[in-house]
Each structure stands twice: as structure tokens, then as C-alpha cells.
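Report on the structure given below.
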Amino acid sequence: MNKTCFVIMGYGIKNNLNLDLAYEEIIKPCIIENQLIPFPLYKESSYNAYRCDEISGTISIDYKFVTCLNGADIVIADISTMNVNAIYELGARHALKPRSTILLCAKEKEKEFKFFDITYVPIIFYEHNGTFLREDIISQTKNQLNSLLDFAINTSTNVPDNPIYRALNENHVYDHDKSSNNTIYEMYKKARNLLDDNNFRDALVILDELYTNDPSEENLLLLVLARYKIAEKNNSCKDLIECINLIKQNTDIENSTSEYLFGRLAAICLRVYNLSNDPEYYYSALEYYRIGACFCKKNLYCPRNYCALLLRIYEITEDKNVIREYYYTAKHFAKLYLNINVNVKNNGNYDERIYYTYNVIDLKAIIDDKYIDAEKIVNRIQNDKDISKRQKSTIIDGINILKQSIENINKYML
6 MNKTCFVIMG YGIKNNLNLD LAYEEIIKPC IIENQLIPFP LYKESSYNAY
56 RCDEISGTIS IDYKFVTCLN GADIVIADIS TMNVNAIYEL GARHALKPRS
106 TILLCAKEKE KEFKFFDITY VPIIFYEHNG TFLREDIISQ TKNQLNSLLD
156 FAINTSTNVP DNPIYRALNE NHVYDHDKSS NNTIYEMYKK ARNLLDDNNF
206 RDALVILDEL YTNDPSEENL LLLVLARYKI AEKNNSCKDL IECINLIKQN
256 TDIENSTSEY LFGRLAAICL RVYNLSNDPE YYYSALEYYR IGACFCKKNL
306 YCPRNYCALL LRIYEITEDK NVIREYYYTA KHFAKLYLNI NVNVKNNGNY
356 DERIYYTYNV IDLKAIIDDK YIDAEKIVNR IQNDKDISKR QKSTIIDGIN
406 ILKQSIENIN KYML
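With the first letter of the sequence shown counted as 1, position 79 gets the number 84 in this note's numbering; the numbers rise by one all the way through.
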């Protein structure tokens, strides 16, 4: 008797990926080649289909997918777009059935697997160029899928191939790991405190372990913060560039909307520029700050630094027309950014509110062409016991550099 199959995936073009291409060119031909039939949701076979959007009738979509997920012998899930419905259906299938769930994913999306643990289940990564699939990729992916389908159809194993049933089958009571008595949250808090105290080396030891256990984007950015601060102190462009590469390798920069991600990348590029005087890193930092400013919701970090860095263009060129262009661009955007509707004033934590307060002061200084009462502001920061060492040094260094940049660029405006 032929085994049944159901496909989890969206349809049409989603997130710049033509999902129908993968379905029509790879998944469906393999299903037919292996003589799999749609799950019999209806008695009349002509109404049944492999993919939920192809199933006709007035039955609710929830009933359709739950019944098919529970009843199908084999489920193929393409999660390339990380669509929440597809992820939910995948989780439901894993909870309902211990085996014979096969995953496909566009290789470009591999970096997005940090938030759920399916990296060791049957999964095929393939190159999807968005609007077309190369013939060699189609052939290669079909061979891989046929191999997994053959195993799912013909194996008699009872070993589960999904993390839920694997964990349930173990059913062990483990001895406590004496090597580390800290929970993830305890490590996180301790590392944050060490970072705030400018103790980057001790923080790095904890953050290496923390990121291994919980590879979230926030923990990655904290890890990179510790590394780049050490690299900066050692005047090591090589180590700073490694920090940039670490972020690029572990995040989906092209699709990110994280102001913190772009802010961290910009800060590291700026450090490389400060050490090397390589204009490439000046422009990279400027671009990352600009992108981060587009997604600003908190403390105006990226907007402030974008405008401040524009004023340092005189370090790159002596062309007065270019310098004037950057000067007026900085003033223009500073005015715009001061009107951003951020929610840090009432909802942000104390650190966020501190950064917001002084970033507003800096943006106003850019607009006014001068830093009013800079010494008093610095003294106030130094004497504020509630501001961490790292925050003090970050804000004060920023004020001093901005003050100097305003003075220097104004010489070109005479």
C-alpha cells in the first residue's frame, strides 16, 4: 500500500523566494517518483492534495493541516521563509509523530536556525536564488530528498528523528554537571556586570560559555563587545576584523532590522578606521550607523553616531564641497532624528535613558555648531554614581571627539 505524504510550506513569492519553484521543481517530482499519495482527507481522492493550499473544500484550514500532520506517513517541510505558520506546523508534526519528517531550507537562511533546535534532524540545505533554481541545484537537491524519502518509506526503525521524541525516549535523571553551577541567566547577569565595569577579559570567559549554551543574537553581540574592546586596547586591527566576520557569519545582516546589530558593526568598523586610517572602514561604519538609525526605537545611539561621524569627513578628503555636503547632511538628519518617536523615555531601562539623554545633547550640539557647557556635562557624568564605568567612558569619549569634530569642520565652513 502506498504511503501518504503532506507538505508544509507557503506558496507564491514570500520574502523574495519563489516557493512554488521549490515545490514544482523539487518536492512534488520526488513525491510522485516515490509513489507517495496525498493524505486521504476526503473519500474522493480527486479532492486531496499534498499541500494545504491545494486542498479544496470548506473544511477549516486548522482541521486540514492538523489532520494531515497527524495522519500522513511522511511530512516534508520547506522552512526557507521562516514563516510562523510553517514553523508552528513543523512543531505540531514533531509533537504528533516521532519520525519521517524531512526538512528543506534555502542555504541562505541557515543562520536563522539559532532560535530553535532542529539542526540535527533530517534537513537538506539548497541554494535558492529567489526567482530561479539552477538545474544542477535541482538535480542535487532531488537526489538528497529521494534518498531521505527512500529511507522513510522502507525503514523499519523505531528510532525517532525529531528532538521531542528523542528527549522523551531518553527519560533520564541526570547527575548535575559540577563543572558549572551557574544558570544561563546568572552567567548573563555576571557578564553584563563585568562589561559595565570595563572588565572585558573576565566577561569574555563567561560570554564564550554563555554563547555556546544560548547562541542568541544578544549574546553574540555581548561576546563581540568584549572581544572588540580587548582588540581595541591591544591596537589589533586583525582582531577587530575577526569580530566583524564573527557577526557576519552568525547573523542575517541583509534581512536584519536590529539597531543593536548595525550599531555594533559600525562601532567596530570605526575602531578599525581609527587604527588604520583606511577610508573603507570609515564609509562602512557610516553606512551601518545610517541603516541602524532607520530602525531606531530606543536610545538614539545610531542616529547620534551617524551624524557625528558625518562631521569627520574632513579626515577623509580635503574637497570643501564634499565636506560642506556632509556638514549640512549631519545638521539636517540631526534635526530629523530629534523628532523620532522613541519609547525609551518612559519604557527604557536606566542605561537606555542615560544614553538617550546624552545622545539628545550631542545631536543638539551638532545642530548648534557648538558644544555648550561640555566641561560641566563631563563632570556631571563623572560624578554620577549610577552610571557604569563603561557607560561613562563611552559617553565622555563621544563628547570629546564630537566637540573636536565640530571645531575642526567649522574651519572649512568659513
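Yeah, the Cβ is synthetic: ideal placement off N, Cα and C, and Gly gets one too.
For Phe130, the enclosing beta strand (DSSP E) starts and ends at 128-131. For Asp25, the enclosing alpha helix (DSSP H) has its first and last residue at 24-27. Between Arg197 and Leu226 a beta carbon distance of about 12 angstroms is seen, past the 8 angstroms cut, so the two are scored as non-contacting.
Ranked by Cα distance from Ser105, the first of Ile142, Asn163, Ile37, Ala54 is Asn163. By the C-beta density criterion, Leu419 is exposed, having fewer than 16 other C-beta atoms within 10 angstroms.
In the structure shown, Ile321 falls within a coil segment according to DSSP collapsed to helix, strand and coil. In this structure Gly62 is exposed. Its beta-carbon is surrounded by fewer than 16 other beta-carbon atoms within 10 angstroms. Under DSSP, Cys299 takes part in no beta bridge, so it has no partner. Exposure of Gly17 is indicated by the presence of fewer than 16 other C-beta atoms within 10 angstroms of its C-beta.
DSSP places Cys307 inside the alpha helix (DSSP H), whose first and last residues are 306-315.
Pro220 sits in coil when the DSSP states are folded into three classes, being neither helix nor strand. Per the coordinates, the alpha-carbon of Ile36 lies some 8 angstroms from the alpha-carbon of Cys10. Within a 10 Å sphere around the beta-carbon of Asn53 sit 16 or more other beta-carbons, which makes this residue buried.
Pairing Ala97 with Ile169 gives a Cβ-Cβ distance that is not under 8 angstroms. Closest by C-alpha distance to Glu38, out of Ala77, Ile158, Glu237, Ala82, is Ile158. Proximity of the stretch 260-276 to the stretch 300-310 meets the contact definition, three or more beta-carbon pairs being nearer than 8 angstroms. Three or more pairs of CB atoms, one per stretch, sit closer than 8 angstroms, so the stretch 23-32 contacts the stretch 82-89.
Phe137 carries a coil assignment under DSSP once its states are collapsed to helix, strand and coil. Annotation for Phe11: the continuous beta strand (DSSP E) segment containing it runs 9-13.
Asn224 is positioned such that its CB atom lies closer than 8 angstroms to that of Leu215.
Between the alpha carbons of Arg139 and Gln149 lies a distance of about 16 angstroms. Listed in chain order, the alpha helix (DSSP H) runs fully inside the stretch 186-263 are 189-201, 205-218, 222-238, 242-255, counting runs of at least 4 residues.
Here the alpha carbons of Pro45 and Met14 stand approximately 19 angstroms from one another. With a cut-off of 8 angstroms on Cβ pairs, the stretch 311-329 is in contact with the stretch 410-417, counting three or more such pairs.
Per DSSP, Thr362 is one residue of the alpha helix (DSSP H) stretching across 355-373. With contacts defined as CB atoms closer than 8 angstroms, Ala111 and Tyr93 fail to qualify as a contacting pair. The count of Cβ pairs closer than 8 angstroms, one atom from the stretch 233-242 and one from the stretch 253-262, stays below three, leaving the stretches out of contact. If you ignore the 5 residues before and after Phe205, its C-beta comes within less than 7 angstroms of the C-beta of Ala231, Lys234, Ile235, all in its own chain and listed in chain order.
The C-alpha of Asp324 lies about 11 angstroms from the C-alpha of Tyr331. Burial is judged here by how many other beta carbons sit within 10 angstroms of a residue's own beta carbon; Gly297 has at least 16 and is buried. Counting along the chain, the unbroken alpha helix (DSSP H) around Asp402 starts and ends at 394-415.
Leu291 places its beta carbon less than 8 angstroms from that of Tyr311.
In this structure, Cys242 places its C-beta atom within 8 angstroms of the C-beta atom of Ser281. By the 16-neighbour rule on beta-carbons within 10 angstroms, Ile129 is buried.
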